[in-house]
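Q: In my numbering, the protein residues as written are 91 to 379. We put the CB at the ideal spot given by N, CA and C, even for glycine.
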């Protein structure tokens with residue numbers, strides 16, 4: 091009887107020790123509670139590092155200052171002059187980025203092309219004329235690669251583009267000026283007359299562009315861009331014809347022309363509304379995912 095009782099005690103002790111070891115084993119394995127938060131796309135990118143960004147699409151708003159150069163072919167012996175104005179403007183853009191290396195962007199800009207007329211004298215006068223402030227441009231961009239190409243990060247981009255200015259062909263401003271000038275002692279007075287007629291081109295004109303920008307990743311869906319753009323105009327969008335006469339007989343003519351050539355400096359805020367990923371390079375072997 092005693093040997094049987096001893097065997098029974100050993101069996102119970104062994105069973106209890108085995109159960110305790112199994113309990114410790116399972117507690118070690120399942121240290122994280124069931125139902126833990128699953129991986130997101132961003133966490134997979136950070137964890138595995140070999141997921142490629144195929145494309146992303148964005149819309150944005152640009153604010154910038156613009157200087158455009160206009161030309162004058164005759165100053166009427168210093169009576170008139172011109173200057174390149176600097177004005178503020180804005181635009182809206184939509185674009186796509188492909189494999190974080192190339193980008194295509196379309197822009198509508200509410201940005202004028204200007205002519206400035208300066209009339210010199212005892213009381214100088216300044217008049218600024220502009221077109222309808224509409225232009226459309228398409229640009230292609232290339233990222234200057236430093237580091238892994240397919241990872242979205244703050245980076246420098248360079249671009250080139252071409253666009254059109256849809257001119258209306260209408261008259262903008264017509265002005266007339268009269269003045270007097272002494273010929274000299276006992277020689278009388280000259281009567282001066284100046285007319286200014288500003289018109290918009292009747293046909294569409296073109297633009298070419300080169301730019302550089304630094305794009306900053308602010309958040310998952312927000313980018314901020316600082317840019318500088320150089321533009322060249324093809325064809326005059328706005329022309330001011332000037333006629334100058336002295337005593338109604340000595341007539342001279344001049345033109346002020348603006349084609350849109352100049353510089354833009356500004357800032358752009360962009361919202362990324364779609365990001366496409368390529369997960370084909372992930373390994374499903376060894377329990378990675």
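According to DSSP, is residue 144 helix, strand or coil?
A: strand
Q: Mind checking whether residue 164 and residue 205 have CB atoms under 7 Å apart?
A: no
Q: Under three-state DSSP, which class holds residue 212?
A: The three-state reading of DSSP puts residue 212 in coil, since its state is none of H, G, I, E or B.
Q: I'd like to know if the segment 277 to 297 and the segment 325 to 340 are in contact, where contact means that at least 3 CB-CB pairs between them fall below 8 Å.
A: yes
Q: The beta strand (DSSP E) that contains residue 341, what's its start and end?
A: For residue 341, the uninterrupted beta strand (DSSP E) segment begins and ends at 340 to 368.
Q: Opposite residue 219 in the DSSP bridges: which residues?
A: 205
Q: Let me check one thing: in DSSP terms, what residues is residue 157 bridge-paired to?
A: 176 and 353
Q: In whole angstroms, what separates the C-alpha of residue 352 from that of residue 226?
A: 16 Å
Q: Could you work out which residue in 318, 366, 308 and 367 is closest to residue 359 when comparing CA atoms only?
A: Taking only the C-alpha atoms, the option nearest residue 359 is 308.
Q: Please state the DSSP three-state secondary structure of residue 257.
A: coil
Q: Tell me which same chain residues have a C-beta within less than 6 Å of the C-beta of residue 197, skipping the five on either side of it?
A: Excluding sequence neighbours, residue 197 sits near 181, 183 and 227.
Q: Rounding to the nearest angstrom, what Cα-Cα distance links residue 235 and residue 202 in this structure?
A: 35 Å
Q: Going by C-alpha distance, which of 246, 162 and 170 is nearest residue 193?
A: Taking only the C-alpha atoms, the option nearest residue 193 is 246.
Q: Just to confirm before moving on: does the CB-CB distance between residue 269 and residue 297 stay below 7 Å?
A: no
Q: In terms of residue numbering, what span does the beta strand (DSSP E) encompassing residue 229 cover?
A: 225 to 233
Q: Please list the terminal residues of the continuous beta strand (DSSP E) segment that includes residue 191.
A: It is not in any beta strand (DSSP E) - residue 191 carries neither H nor E in the DSSP assignment.
Q: Leaving out five residues on either side along the sequence, give the residues of the same chain with a beta carbon under 6 Å from the beta carbon of residue 343.
A: 333
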